[in-house]
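**Q**
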Amino acid sequence: MNLSDQLKESAHWFDAAEDDRDAARILAKQGMHAAACFHAQQALEKAFKGLLVANGRIPKTYSIEELSAMVPIEGGWEEREVTKLDRFYIAARYPDALPSGSTARKHFTQKDAHEAISIAQGGMDILSQWAASLGVPLTVAAPSQGPATDKKSK
11 MNLSDQLKES
21 AHWFDAAEDD
31 RDAARILAKQ
41 GMHAAACFHA
51 QQALEKAFKG
61 LLVANGRIPK
71 TYSIEELSAM
81 VPIEGGWEER
91 EVTKLDRFYI
101 AARYPDALPS
111 GSTARKHFTQ
121 KDAHEAISIA
131 QGGMDILSQW
141 AASLGVPLTV
151 AAPSQGPATD
161 KKSK
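If you're matching positions, the sequence shown starts at 11 in this note's numbering and goes up one per residue.
1) So, for residue 56: in the same chain, excluding its five sequence neighbours on each side, which residues have a beta-carbon less than 8 angstroms away from its beta-carbon?
2) What is the DSSP secondary structure of residue 12, counted as helix, strand or coil?
3) Among the residues of its own chain, which have a CB less than 7 angstroms from the CB of residue 47, if the five just before and after it don't count?
4) Rounded to the nearest angstrom, what separates residue 77 and residue 110 at their Cα positions?
5) Less than 7 angstroms between the C-beta atoms of residue 53 and residue 115, yes or no?
6) On the criterion of 16 or more Cβ atoms from any shown chain inside 10 Å, does residue 42 qualify as buried, or is it exposed?
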């Protein structure tokens with residue numbers, strides 16, 4: 011894949027990340043906190059992959075911890091903050107991933123959803139700025155918004 015194709019592919023990853031972030035916000039508004047947490051995790055995972063694709067890497071992992079180790083950003087975020095999202099990848103979707111008697115619907119709260127969306131958005135902001143500096147043709151993203159606000163028109 012040549013550099014131009016890598017940058018276009020990277021932009022597709024960032025578009026998908028924005029869709030997941032927007033889905034997380036909508037789900038949080040509807041009280042579907044576990045699903046909102048999962049989509050927040052997906053948003054940041056896809057943003058990491060978008061940046062890595064722009065640099066010619068196509069990672070085969072779903073772990074924010076592993077992806078963040080591939081993107082050495084000094085400052086900007088606490089690595090431990092972004093890796094908090096890993097707990098939502100499986101537990102927010104599968105009933106057998108939680109302690110007996112618990113369900114994702116009962117386990118994940120509005121606070122969890124808002125924190126997940128906030129962490130995802132912060133990471134996405136940093137990663138998209140870096141991607142833009144590399145020449146990734148990003149669409150005009152909605153400004154950073156709180157976890158449960160509507161996306162403004164592009």
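Note that beta-carbon positions come from the ideal geometry of N, C-alpha and C, so glycine has one too.
**A** Let me lay it out:
1) The beta carbon of residue 56 lies closer than 8 angstroms to those of 23, 24, 26, 27, 30 in the same chain, with the five residues before and after it left out.
2) In the structure shown, residue 12 sits in coil (DSSP, three-state: anything other than H, G, I, E or B).
3) Closer than 7 angstroms at the Cβ level, and outside the excluded window around residue 47, lie 98, 102, 118, 122, 123, 126.
4) Spanning the alpha carbons of residue 77 and residue 110 requires a straight line of approximately 30 angstroms.
5) In this structure, residue 115 does not lie closer than 7 angstroms to residue 53 by Cβ.
6) Here residue 42 is buried, its C-beta having at least 16 other C-beta atoms within 10 Å.
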